[in-house]
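Protein sequences appear in the order of chains A and B. What the first sequence shows, in full-length UniProt numbering, is residues 1 to 346, in sequence order. What the second sequence shows, in full-length UniProt numbering, is residues 1 to 84, in sequence order. Report on one structure; see the data block that follows.
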Amino acid sequence: MTTATATTADDLDAIGDIPATADERATRLPTPLDLYSRWERQPWSVADVRVARDLDTWRALRPFSRQELLNALAELEVGEVCVTQTLSSLVDHAPNPDYQLYLCTQLADEARHVRFFQSYLGEVVGIGDGSAEGQALAEATDYATVFEPELRRTTEAVRTGGGDLDQWFTALAHYHLVTEGILATTALRTTRQLAKRLGLAALDEGLANVTRDESRHVAFGLLAARAGVRDGHRELIADAYLSAVALAVEVLVGPQRKTAAPSLRPALLQRAAQIETQWELARDRMIRQLSLIDLRDLRDRAERVWADARSAALDSYQERWGVEHPVRRAEGITARAKAKLEAERD
Amino acid sequence: MTEDDKVGRRVREIIGEMCPLGEREARSTDRVTDDLGYDSVGIVELAMVLEQEFELQPIDEEQAIDIVTVGDVEELVRLATAAA
C-alpha cells in the first residue's frame, strides 16, 4: 500500500494542475480523467491510519473540546453515509462516459470515508455503529434533519426521471457543490485544525486523507456544473444552488443543537469569533464556487440568500432554546459597546 | 487569607493546570496568551471550567473587562462571583 503524502489545509483549494496565466490559474479546472488519474495516485486505507492510537488523548480531552469534536464527527459521519447511499443515481445517469468513470472512483472514496468515521467513533469515542447512542447522535445532527431529506429527494429524482439532465444538475448542485464543496470542506478544515490542536494524530491523518479525496470530488462538481452552465442549464443550476445554499446555512448555524458557550464576556466573544470564522470560511467558498462555475453575476443574490438564511436560523435557534445563539449574543455586546463609545464621543 | 485571595489563588491554580504549554505555576502578571499559550479554544475551555468551579453568573457589560493577564482573569472571576 502506498503511503499517502501529507495534505495541507489548502489542498481543498488545489483543484488542478498549474496553468500558464493568472486568469487561467483563477479559473482552470481539471478534466474528469485528470481526476481519475489523481485517484489512482492517491490511495490510502483506513486500517493504515490506526485510529486506536488516539484513545488515550481522546480520554484526556476536556468536556468542551470532546463535545465539539463529537458533534463535528457526527455531522461528518452522517453526511458521508448519506452521500454514499445517494451517489449511485448520479453514476448511473452520468451524461457522459468520462463523468461516469470518475464518479465510480468517488463511490469507492465515499465508502472509505464512512468506514473511517465509523472506525473512529467505534474504536476511539466508544460509540459503535448501530448502537442506540450512535443512532441518537446521528438523528440530532443538523445535516440529517435539514439537508439530507433534500439530497435524497433530488438524487432519487434523477433515478425516477430516467437521467433527465435538469434533474442530474439539480442533484449535482446539492451533492457536489453544496454538501461536499461547502459543508464537508468547511467541517473538515475546522475539525482538522481542532484535531491538530488537541494532539489527535490519527484523526488528523485520517481527516487529511479524506480532505485529499474531497478535493477531487469538489473539483468534479465544479467542472460538471460549469459545463452545465455553459450548455444551457444556467438558470436551473443557479436556482438549485441557491436553494441548497439556504439549507447549508441552516446546517452551519445548527439550531437543532445547543451551542456550548461561556458566559464570561471575553470568552464568549472568542467563542463567537470561532463560530463566525467557520461560517465565513463556508461563505467564501460559495463566492469562489460562483466564480469558477461562471455564475459570478449571482454573487449579490447569493449573499442575500446567505444573510437571510443566517438570520432565520439564528431566530430558529432562539425559538428552540429560549436563549440567543452565542454569535447573536456577541453581536449584541459588540453593538452596545460601539454605541456607548459613540455616545461618549458625542 | 481573605476570600479574594482564595479566589485568586484557585484561579491561578486552574490556569496553571490547564496551560496549553504544559502544567506550570501561573503568576498574576503572566500574560494569558503570550506567556501561557492560551489560544481561543483554550480560553473558552478555561472560562467553562471557571464558570463551573465558581458557579459564575454573567456580569454587567459595564463591569466586564478584557483579559490580558492572569490577574485580569482573577478580577473577572471576583466580579462574577460577586454577581452570583
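Where is the CB? At the ideal position from N, CA and C, for every residue including glycine.
Query raised in the report: In whole angstroms, what is the alpha-carbon distance linking residue 65/A and residue 45/B?
Result: Mapped onto the first sequence, residue 65/A falls at position 65. Mapped onto the second sequence, residue 45/B falls at position 45. Computed Cα separation, rounded: 8 Å.
Query - is_contact[residue 43/B, chain A] using C-beta, thresh 8 Å - result: Within the second sequence, the letter at position 43 stands for residue 43/B. Yes, contact with chain A.
Report task. Please list the partners that residue 40/B has in chain A, where partner means a Cβ-to-Cβ separation under 7 Å. Result -> Here residue 40/B refers to the residue found at position 40 when the second sequence is read from its first residue. Residues of chain A passing the Cβ test: 270, 273 and 274.
Query raised in the report: Could you check where the alpha helix (DSSP H) with residue 65/B kicks off and where it finishes?
Result: Within the second sequence, numbered from 1, the residue matching residue 65/B stands at position 65. Neither: residue 65/B is in no alpha helix (DSSP H) and is coded neither H nor E.
Report task. Measure the Cβ-Cβ separation of residue 241/A and residue 177/A and say whether it is below 8 Å. Result -> Along the first sequence, one-based indexing puts residue 241/A at 241. Along the first sequence, one-based indexing puts residue 177/A at 177. Yes; because the gap between Cβ atoms is below 8 Å, this pair is in contact.
Query raised in the report: Given residue 7/A, which residues of its chain have a CB within under 6 Å of its CB, disregarding the five upstream and five downstream residues?
Result: By 1-based counting over the first sequence, the position of residue 7/A is 7. Confidence at residue 7/A is low in this model, with a pLDDT of 43, below 50, so the placement of that residue is unreliable and no value is reported for it.
Requested in this report: Helix, strand or coil for residue 50/A, going by three-state DSSP, please let me know.
Outcome: The residue labelled residue 50/A in the question sits at position 50 within the first sequence. Coil.
**Report entry** Own chain partners of residue 10/A with C-beta closer than 6 Å, once the 5 adjacent residues on each side are dropped
**Finding:** Taking the first sequence and counting its residues from 1, one reaches residue 10/A at position 10. Since pLDDT at residue 10/A reaches only 45, below the 50 mark, its modelled position is unreliable, and the value read off the structure follows with that caveat. Excluding positions up to five away in sequence, the list is empty.
Report task. Give the interface partners of residue 336/A over in chain B, defined as CB-CB distance under 7 Å, in chain order. Result -> Indexing the first sequence from 1 puts residue 336/A at position 336. Simply 61.
Query raised in the report: Looking at the C-beta of residue 36/B, does it have a partner C-beta in chain A at a distance below 8 Å?
Result: Stepping through the second sequence from its first residue, residue 36/B is reached at position 36. The beta-carbon of residue 36/B is placed no less than 8 Å from the nearest beta-carbon of chain A.
Query - Touch test, the segment 150–157 of chain A against the segment 217–229 of chain A, Cβ-Cβ under 8 Å, three pairs minimum - result: The segment 150–157 of chain A vs the segment 217–229 of chain A: no contact.
Query raised in the report: Within 10 angstroms of its Cβ, does residue 191/A collect 16 or more other Cβ (buried), or is it exposed?
Result: The sequence position of residue 191/A within the first sequence is 191, counting from 1. Its Cβ being crowded by 16 or more others within 10 Å, residue 191/A is buried.
Requested in this report: Would you please state the rounded distance, in angstroms, between the beta carbons of residue 46/A and residue 131/A? I believe it to be under 8 Å.
Outcome: Position 46 of the first sequence, counting from 1, holds the residue named residue 46/A. Position 131 of the first sequence, counting from 1, holds the residue named residue 131/A. The C-beta separation of residue 46/A from residue 131/A comes to about 19 Å, leaving the pair out of contact by the 8 Å criterion.
Report task. Would you be able to state if there are at least three C-beta pairs under 8 Å between the segment 237–255 of chain A and the segment 275–283 of chain A? Result -> yes
Query raised in the report: chain B beta carbons: is any one of them nearer than 8 Å to that of residue 9/A?
Result: For this step, residue 9/A is matched to residue 9 along the first sequence. Unreliable positioning characterises residue 9/A in this predicted model, as indicated by a pLDDT of 43, which lies under 50. A coordinate reading is not provided.
Query - Status (buried if at least 16 other CB within 10 Å, exposed otherwise) for residue 319/A - result: To locate residue 319/A, count along the first sequence from 1; it is residue 319. Exposed, because fewer than 16 other Cβ atoms sit within 10 Å of the Cβ of residue 319/A.
Report task. Can you tell me which of the three DSSP states residue 115/A falls into? Result -> Position 115 of the first sequence holds residue 115/A. Three-state result, residue 115/A: helix.
Query raised in the report: What did DSSP end up calling residue 31/B once you bin it into helix, strand or coil?
Result: Taking the second sequence and counting its residues from 1, one reaches residue 31/B at position 31. Residue 31/B: strand per DSSP, three-state reduction.
Report task. Express the C-alpha separation of residue 322/A and residue 43/A in angstroms, rounding to a whole number. Result -> Along the first sequence, one-based indexing puts residue 43/A at 43. Along the first sequence, one-based indexing puts residue 322/A at 322. Between residue 43/A and residue 322/A, the alpha-carbon positions lie close to 48 Å from each other.
Requested in this report: Would you verify that the beta carbon of residue 30/B is, or is not, closer than 8 Å to some beta carbon of chain A?
Outcome: Locating residue 30/B in the second sequence gives position 30, counting from the first residue. Output row for residue 30/B: interface = no.
Query raised in the report: Excluding the five sequence neighbours on either side, which residues of its own chain have a C-beta within less than 7 Å of the C-beta of residue 110/A, listed in chain order?
Result: Counted from its first residue, the first sequence places residue 110/A at position 110. Once the five neighbours on either side are set aside, the close Cβ partners of residue 110/A are 80, 83, 84 and 87.
Report task. Would you be able to state if there are at least three C-beta pairs under 8 Å between the segment 304–316 of chain A and the segment 14–23 of chain B? Result -> no
**Report entry** Pick from 48/B, 25/B and 9/B that is closest to residue 260/A, judged by C-alpha positions
**Finding:** Working through the first sequence from its first residue, we reach residue 260/A at position 260. When each option's Cα is compared against that of residue 260/A, the closest is 48/B.
Query - Beta carbon proximity, residue 47/B to chain A, threshold 8 Å - result: If you number the second sequence from 1, residue 47/B lands on position 47. With 8 Å as the cut-off, residue 47/B counts as an interface residue toward chain A.
Query raised in the report: For residue 206/A, does the three-state DSSP call read helix, strand or coil?
Result: Locating residue 206/A in the first sequence gives position 206, counting from the first residue. Helix at residue 206/A.
Query - Nearest neighbour of residue 194/A, chosen from 343/A, 36/A and 57/A [CA to CA] - result: On the first sequence, position 194 is the one that residue 194/A refers to. The candidate whose alpha carbon is nearest that of residue 194/A is 57/A.
Report task. Starting from the C-beta of residue 342/A, find all residues in its chain whose C-beta is less than 6 Å away, skip the five residues before and the five after it, and write them out in chain order. Result -> To locate residue 342/A, count along the first sequence from 1; it is residue 342. Spatial neighbours of residue 342/A in its own chain (CB-CB distance under 6 Å, excluding positions within 5 residues in sequence) are not present.
Query raised in the report: Should residue 82/B go down as buried or exposed, given a rule of 16 or more other Cβ atoms within 10 Å for buried?
Result: Counted from its first residue, the second sequence places residue 82/B at position 82. Residue 82/B should be labelled exposed.
Query - Residue from 300/A, 293/A and 121/A whose Cα sits closest to the Cα of residue 233/A - result: To locate residue 233/A, count along the first sequence from 1; it is residue 233. When each option's Cα is compared against that of residue 233/A, the closest is 293/A.
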